[in-house]
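In my numbering, the protein residues as written are 331 to 465. This report concerns only the one structure given below.
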């Protein structure tokens with residue numbers, strides 16, 4: 331029994347549709363399993379869990395939208411910045427510590443400059459050692 335070109339193409343089309351349907355089912359089950367376990371749902375995890383390619387997940391609009399929706403749901407809410415209160419004891423304490431640290435840095439830089447000066451004076455006044463070869 332030989333198949334003509336039309337029959338072969340129909341057979342290939344049905345086979346491709348069956349593989350696609352199976353891949354969609356695996357991806358859907360993977361999404362459900364990740365959600366059930368409380369894990370973050372993203373493309374890589376669904377791909378690994380469902381044994382489907384990343385390309386397949388991105389090309390399938392239904393799966394892509396579902397993963398994007400679940401991925402944004404799983405993201406933590408951004409932290410709201412705390413407005414500094416000038417009367418806050420923490421702010422006052424840190425400001426004081428910063429002022430003290432800056433004063434210490436200035437004092438240490440002055441001492442370092444003085445030490446450099448002394449070092450230079452000692453090097454200029456020190457006799458140069460003579461080189462004598464070992465015997």
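No residue lacks a Cβ here, since even glycine has one placed at the ideal position from N, Cα and C.
- Where residue 438 is concerned, the enclosing alpha helix (DSSP H) starts and stops at 419 to 455.
- Between the alpha carbons of residue 420 and residue 429 lies a distance of about 14 angstroms.
- Here residue 361 is buried. Its C-beta has 16 or more other C-beta atoms within 10 Å.
- Between the beta-carbon of residue 382 and that of residue 348 there is about 14 angstroms, and that puts the pair past the 8 angstroms contact cut.
- Between residue 376 and residue 387, the beta carbon gap of about 6 angstroms places them in contact (Cβ cut-off 8 angstroms).
- In the three-state reduction of the DSSP assignment, residue 355 falls in the helix class, which pools H, G and I.
- Judged by DSSP secondary structure, residue 461 falls outside any alpha helix (DSSP H); it is assigned neither H nor E.
- By the CB criterion at 7 angstroms, residue 373 and residue 384 fall inside the cutoff.
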